[in-house]
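Presented below is the structure to which this report refers.
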Amino acid sequence: MRSAKFTKKILIVDDLRPIVEEEKNILSRSGFSIFTATSGEEALKIHRAEKVDLIISDLNMPGMGGDELCSVIKRDDSLKNVSIIIICFNKKSEIEKCEACGANSFITKPIKPEELFRKVSGFLDAPEREGLRVLVKVTVKGAFKTDFFFSTSQNISTSGILLETDKVLAKGDTITCSFFLNSKQITTDGEVMRVVKKLSDSYNYGVRFIDIAYHSKAPIEEFI
238 MRSAKFTKKI
248 LIVDDLRPIV
258 EEEKNILSRS
268 GFSIFTATSG
278 EEALKIHRAE
288 KVDLIISDLN
298 MPGMGGDELC
308 SVIKRDDSLK
318 NVSIIIICFN
328 KKSEIEKCEA
338 CGANSFITKP
348 IKPEELFRKV
358 SGFLDAPERE
368 GLRVLVKVTV
378 KGAFKTDFFF
388 STSQNISTSG
398 ILLETDKVLA
408 KGDTITCSFF
418 LNSKQITTDG
428 EVMRVVKKLS
438 DSYNYGVRFI
448 DIAYHSKAPI
458 EEFI
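Counting from 1 along the sequence shown, just add 237 to a position and that's the residue number in my numbering.
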């Protein structure tokens, strides 16, 4: 299994902060450093000082908009080594602005947690990075309803995964785990085999994969 010790930096700009609050908490627990800015101008100052790895910005902001912020960063050799996701409305004119400014990706409103998870995972995951905490979407299969939440893991093998979350699960629960390794998505069922309550209001869950497919094992073997 591989353990993560390094820190990646994420900058969240403008009124996106409340929208991604839950995901922000998960990213913080993942060992990522989270910065917030109230404007494009402030975001630019923070990025100059911190050289963040990922910026999530709204397109429409007072003063410097997300497209202008992106253009300024992408033209500056000392700043351009960053991934930028812009949030916009599902309008042709706004999507064209996102594409024209050189954003790495865009997400249309209303933001879907699954899409945000997929985009963030993809941009923060790369094969050359040593020690990676992985974002994991966990789907809990209940008798009456199916629910999902986001967790993190720094321990993965072809036989199972150690999840870290504040959500309550029970030994024997059947779940589905979905995550990215080296830009490849892996989805597999698992069973909670071990529950460890931490000092803080969070838990570690040892999960055994159930009949993981061969095509899902290969990326894990490469990762570990």
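C-beta: ideal position from N, C-alpha, C; glycine also.
Three-state secondary structure assigned by DSSP to residue i
i    : result
G368 : Only weak support exists for where G368 lies, its pLDDT of 43 falling under 50; the value from the coordinates is given anyway. Residue state, collapsed to three classes: coil.
A286 : helix
K246 : strand
S415 : strand
K329 : helix
G409 : coil
N441 : strand
A340 : coil
Residue i: first and last residue of the uninterrupted alpha helix (DSSP H) it sits in
i    : result
G359 : P350 to L361
I530 : With the chain represented from 238 up to 461, any question about residue 530 goes unanswered, as that position is not in the structure.
D304 : G303 to R312
Sub-8 Å separation of residue i and residue j beta-carbons
i    : j    : result
A280 : I292 : yes
V375 : S358 : no
A286 : C307 : no
T413 : T424 : yes
K356 : S342 : yes
L372 : V444 : no
Residue i versus residue j - alpha carbon distance
i    : j    : result
K317 : I344 : 20 Å
D426 : F386 : 15 Å
K454 : S394 : 9 Å
K404 : Y440 : 7 Å
V309 : I348 : 25 Å
L436 : K246 : 26 Å
C335 : K288 : 21 Å
F213 : K346 : Coverage of the chain is limited to positions 238 through 461, which leaves residue 213 absent and any answer about it impossible.
Anticipated Cβ contact below 8 Å, residue i with residue j, distance rounded
i    : j    : result
S320 : D290 : 7 Å
Limits of the beta strand (DSSP E) - the one that residue i falls within
i    : result
I324 : S320 to C325
L399 : G397 to T402
K434 : K421 to K434
N392 : T383 to I393
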